[in-house]
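Add 238 to a position in the sequence shown, counting from 1, and you land on the number used in this note's numbering.
Note that the Cβ used here is the ideal one computed from N, Cα and C, for glycine as well.
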Amino acid sequence: MAYSYDDQNIFAKILRGEIPNNTVAETEHSLAFSDIAPQAPHHVLVIPKGAYVSYDHFAQTATDAEILDFTRLIGKICTDLGVSLEGDGDGFRMVSNAGQDGVQDVPHLHVHILAGRPLGPMLERRLS
Ligand code: AMP
239 MAYSYDDQNI
249 FAKILRGEIP
259 NNTVAETEHS
269 LAFSDIAPQA
279 PHHVLVIPKG
289 AYVSYDHFAQ
299 TATDAEILDF
309 TRLIGKICTD
319 LGVSLEGDGD
329 GFRMVSNAGQ
339 DGVQDVPHLH
349 VHILAGRPLG
359 PMLERRLS
């Protein structure tokens, strides 16, 4: 079955310029902007400009150029935020939720970059 993309999602509207965003960086194939409800001192969302619903969709069907652009932009943002381990940054967490079990609210691929405080355990510990 094919991936299905809803072009009325809020990030598609941001990409079309229909609603504003606080842009952090933009490249040919990707956009990074501040999360509207930050969960850490740094909370940046990175999205591809293409119509991809989730990371698996992107990883399996995007062009090499799109994947390279997206991945490099994530690296650049970590450097720009000063959280990269390349310098003396304190690190970050990268999360991409997908679908119902992943609790994805916006059905356009986005990676959350969270940083600026100790982020605690990744998940609550529950086996079922
Ligand atoms: P997720 O649950 O992984 O789909 O995360 C969606 C994220 O999008 C949440 O962290 C929201 O705070 C964020 N969000 C929703 N609308 C906007 C918006 N207009 N601009 C920036 N971030 C948004």
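Item, Value
"Cα-Cα separation, aspartate 185 to arginine 364", "Residue 185 lies beyond the residue range present for the chain, which begins at 239 and ends at 366; the question has no answer from this structure."
"Residues that DSSP places opposite methionine 332 in a beta bridge", "Ile351"
"Burial state of proline 286, where buried means 16 or more other Cβ atoms lie within 10 Å", "buried"
"Per-residue DSSP class, three states only, for isoleucine 285", "strand"
"Beta strand (DSSP E) runs contained entirely in the region 242-303, provided each spans 3 or more residues", "261-264, 268-272 and 280-286"
"Distance CB(isoleucine 248)-CB(valine 333) smaller than 8 angstroms", "no"
"Per-residue burial, isoleucine 257 [other beta carbons within 10 Å of its own, 16 or more giving buried]", "exposed"
"Any non-hydrogen atom of ligand 1 within 7 angstroms of aspartate 343 CB", "yes"
"Any non-hydrogen atom of ligand 1 within 7 angstroms of asparagine 247 CB", "no"
"DSSP state of serine 310 mapped onto helix, strand, coil", "Looking at the sequence provided, one finds arginine at residue 310 rather than serine. Helix."
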